[in-house]
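In this note's numbering, the protein residues as written are 250 to 373.
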């Protein structure tokens, strides 16, 4: 199955996503901030990464835009529920511009998460 990096600062959300993915046989590595995500991407190999737009004080899309060239072999799925001063349209445009392969809007169902993963891995 797939090796997945989950970049999410909310432990409840991360636990829920990890549960769904591991239940399907995938290996999930969690990073709760961009510093840890960078370290994991530099030292590991992932089939896919899920990154939240809002990571506490950090902007997940900025991280993606600054590091996409370093991790171009890892497809990124952006997770967003919008946020202060950011419409879903704005998030979508930025995610597309920075090379995200898919966007999931919170709240999403387990089936949507798995469909996004399967599409990203070319299984659909």
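The C-beta atom is built at its ideal place from N, Cα and C for all residues, glycine as well. Here the structure is a predicted model, which means the values were calculated and not measured.
Whether residue i touches residue j by CB criterion (7 Å)
i: residue 275; j: residue 253; result: yes
i: residue 302; j: residue 278; result: no
i: residue 269; j: residue 362; result: yes
i: residue 296; j: residue 364; result: no
i: residue 323; j: residue 350; result: no
i: residue 357; j: residue 326; result: no
i: residue 305; j: residue 258; result: yes
i: residue 290; j: residue 320; result: yes
Element boundaries [beta strand (DSSP E), containing residue i]
i: residue 277; result: 276-280
i: residue 353; result: 351-354
Which residues DSSP lists as bridging residue i, in chain order
i: residue 252; result: 276
i: residue 329; result: 354
Whole-angstrom C-beta distance between residue j and residue i, which should lie under 8 Å
i: residue 313; j: residue 354; result: So it is not a contact: roughly 17 Å between Cβ atoms.
i: residue 316; j: residue 287; result: 7 Å
i: residue 283; j: residue 307; result: 5 Å
i: residue 352; j: residue 309; result: Rounded, the Cβ-Cβ distance is 11 Å, inconsistent with contact.
Residue range of the unbroken alpha helix (DSSP H) whose run includes residue i
i: residue 366; result: 359-369
i: residue 341; result: 337-346
Please give me, in chain order, every unbroken run of the beta strand (DSSP E) with length at least 3 that falls completely inside the region 285-326. 297-301
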